[in-house]
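Input: a single structure, listed below in structure tokens.
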DNA sequence: TTGTGGACTTAACAATTACATAATGTTAAA
DNA sequence: TTTAACATTATGTAATTGTTAAGTCCACAA
């Protein structure tokens, strides 16, 4: 199964470090973006919705830890991977780092090789525990908590609505035939009319507020950003 | 193109169900094996490396979901198809099912007919999913997403238009007679006039923006770059 | 029990779209 | 030039989907 390039945001106030890391991660096939201080990091994170954020701890305006704490209060970033860059023997900061919800930390001076292997490891780990939370664009679907978050706002879906959305979003872009939808969401022994699907689709569109479900006339529906 | 018999493993603690399903799938030409609980399912899966595993959710020792989760951690079973059998209104289980990586689920009580059609559909889908995306020159036709991309731009085709284009593009260069087109796209029981094809061809040409369908006067049409 | 509210389904109608065909224009071979 | 074959355009209709409101069912509380 092919996945599209992971997006990484790096925040550090030293241009040299930004460049070295960018270059190396870029070479690995990641899509890399940068920020030069805490405020810019927050801003760009909201724009880009990256899969991983690498934060230097010592940065102007806001430290990495502050940035992390702010991000973690928002549902879209709940799942986002965060790695801290810390000075070698700043013991206290890496403890604080884990407390605020970091996924890993790397000590300076940075070896590109090590950083890359840590980043790869992190993504591999996530892929394994995957299947839990779907994250497509700025939509987060959590089947455990039964919640859908769109642009920071939580939409409250009823059960059938949620299951339908979850099905479509589980394979973005793929068209689901009406039959498939019926058998997957309603089961084979339940018979409901065709309008029922439409009505649920409408409610989902209405509640999410954005247009992410496309009708393919005569065929079915698909989830698309 | 002939393929060898697909291997199916069925795990359920009710012997009657095992027998009914085995009998019916066997009749369809599948190679069928059985297991009567979760542990046996795991064991036999490793021995047999089946193409499809049908798991009852409620089983002694290990539930179907547990079996699935264990299998999915192993690379050999990453691609194996898995279908769950669930009680009709066990709400939570089918979402959990998809989470752990099921490909489909069927509700009990089981109708052999329905199960067979789902199994067949799954194998067909798999066959489709890899390699059915047509790429000719700078045109990409994806029958799963129902999209046509020409030079990075997506063209939106209606159902008949899409089916017609897909037919022609499936064998680039080959001329399709009008009769062939009619029977493949419209079916044998529907009768439409000859002009109908022309009109659809025109719309496709218009929507794609490029000239990729060649008229062979007195014969038919062909797809060409 | 009765009442209330939400989830789900359905019916009825509106809106949209796909489709087939008719009518007419264009092309190319004879 | 004639003519058969195809292209083009316009249009009515049938099929499909969108929308709204109302009804049913069920859970839960008073």
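Protein chains in written order, with the working numbering: chain A, 54 to 278; chain B, 54 to 278.
Cβ coordinates follow ideal geometry from the N, Cα and C atoms, glycine included.
Open item on the list: Here's the rule I'm using: 16 or more other beta-carbon atoms within 10 Å means buried, otherwise exposed. How should residue 273 (chain A) be labelled?
Closed with: buried
Open item on the list: Helix, strand or coil, according to DSSP, for residue 159 (chain A) in the structure here?
Closed with: Reduced to three states, the DSSP call for residue 159 (chain A) is strand.
- [ ] Determine the direct distance from the alpha carbon of residue 109 (chain B) to that of residue 135 (chain B), and round the result to whole angstroms.
- [x] In a straight line, the C-alpha of residue 135 (chain B) is about 11 angstroms away from that of residue 109 (chain B).
Task: Where residue 243 (chain A) sits in the DSSP three-state scheme - done: Correct three-state label for residue 243 (chain A): coil.
Task: Bridge-paired residues (DSSP) for residue 211 (chain A) - done: Beta-bridge pairing links residue 211 (chain A) to no other residue.
Open item on the list: Strictly under 8 angstroms for the Cβ-Cβ distance: is residue 55 (chain A) near chain B by that measure?
Closed with: For residue 55 (chain A), the pLDDT reaches just 39, beneath the cut-off of 50, and the residue's location in the model is therefore unreliable, although a value from the coordinates is still provided. No, residue 55 (chain A) lies away from the interface with chain B (no Cβ there is under 8 angstroms from its Cβ).
Open item on the list: Using a Cβ-Cβ distance cut-off of 8 angstroms, determine whether residue 228 (chain A) contacts chain B.
Closed with: The beta-carbon of residue 228 (chain A) is placed less than 8 angstroms from the nearest beta-carbon of chain B.
Task: Beta-carbon proximity check, residue 222 (chain B) vs residue 276 (chain B), cutoff 8 angstroms - done: yes
Open item on the list: Please report whether the beta-carbon of residue 260 (chain B) lies at a distance below 8 angstroms from any beta-carbon of chain A.
Closed with: So no, residue 260 (chain B) is outside the interface.
Task: Within the segment 88-152 of chain A, ranges of the beta strand (DSSP E) (whole runs, at least 3 residues) - done: Whole beta strand (DSSP E) segments, 3+ residues: 105-109, 134-140.
Open item on the list: Quick check: the Cα distance between residue 105 (chain B) and residue 86 (chain A), rounded to an integer number of angstroms?
Closed with: 42 angstroms
Open item on the list: Residues of the segment 189-201 of chain A in Cβ contact with chain B at a cutoff of 7 angstroms, in chain order, please.
Closed with: 196
TODO: Specify, as a first and last residue, the run of the alpha helix (DSSP H) that residue 71 (chain B) falls within.
DONE: 68-80
Task: Opening and closing residue of the alpha helix (DSSP H) in which residue 286 (chain A) lies - done: The structure shown does not extend to residue 286 (chain A), since chain A is modelled only from 54 through 278, so no value can be given for it.
Task: Proximal residues of chain A, C-beta to C-beta of residue 211 (chain B) below 8 angstroms - done: 270, 271
Task: Contacts that residue 159 (chain B) makes with chain A (C-beta to C-beta distance below 9 angstroms) - done: 236, 240, 241
Task: Neighbour-count burial assignment, residue 230 (chain A), 16 or more Cβ in a 10 Å radius - done: exposed
- [ ] Just grab the DSSP bridge partners of residue 64 (chain B) for me.
- [x] B:88, B:108
Open item on the list: Whether or not the segment 109-128 of chain A and the segment 74-82 of chain A are in contact is what I'm after, with contact meaning three or more pairs of Cβ atoms, one per stretch, closer than 8 angstroms; do they touch?
Closed with: no
Task: Euclidean distance between Cα positions of residue 125 (chain A) and residue 154 (chain A) - done: In a straight line, the C-alpha of residue 125 (chain A) is about 7 angstroms away from that of residue 154 (chain A).
- [ ] Have a look at residue 258 (chain A) and residue 127 (chain A) and give me their C-alpha separation to the nearest angstrom.
- [x] 22 angstroms
TODO: Put residue 270 (chain B) into one of helix, strand or coil per three-state DSSP.
DONE: coil
Open item on the list: What does the alpha-carbon distance come out to for the pair residue 192 (chain A) and residue 235 (chain A)?
Closed with: 24 angstroms
Open item on the list: Relative to the C-alpha of residue 225 (chain A), which candidate in B:198, B:232, B:111 has its C-alpha closest?
Closed with: B:198
Task: Own chain, CB closer than 8 angstroms to residue 71 (chain A), minus 5 neighbours either side, in chain order - done: 63, 65, 87, 89
TODO: Report the neighbours of residue 167 (chain B) on chain A: residues whose CB is nearer than 8 angstroms to its CB, in chain order.
DONE: Using a Cβ-Cβ cut-off of 8 angstroms, residue 167 (chain B) is close to 241 of chain A, given in chain order.
TODO: Return the bridge partner residues of residue 187 (chain A) from the DSSP annotation.
DONE: A:194
- [ ] Would you kindly work out how many angstroms separate the C-alpha atoms of residue 74 (chain A) and residue 201 (chain B), rounded to a whole number?
- [x] 38 angstroms
TODO: Can you tell me which of the three DSSP states residue 166 (chain A) falls into?
DONE: helix
TODO: For the beta strand (DSSP E) holding residue 202 (chain A), just list the boundary residues, first then last.
DONE: 200-203
TODO: Taking all protein chains shown into account, decide if residue 208 (chain A) is buried (16 or more other Cβ within 10 angstroms of its Cβ) or exposed.
DONE: buried
Task: Minimum Cβ-Cβ distance from residue 115 (chain A) to chain B less than 8 angstroms - done: no
Open item on the list: On the CB-based measure, 16 or more other CB atoms within 10 Å of its CB, does residue 55 (chain A) come out buried or exposed?
Closed with: Only weak support exists for where residue 55 (chain A) lies, its pLDDT of 39 falling under 50; the value from the coordinates is given anyway. Exposed, since its Cβ has fewer than 16 Cβ neighbours within 10 Å.
Open item on the list: For residue 77 (chain B) and residue 171 (chain B), what's the separation of their Cα atoms in angstroms?
Closed with: 13 angstroms
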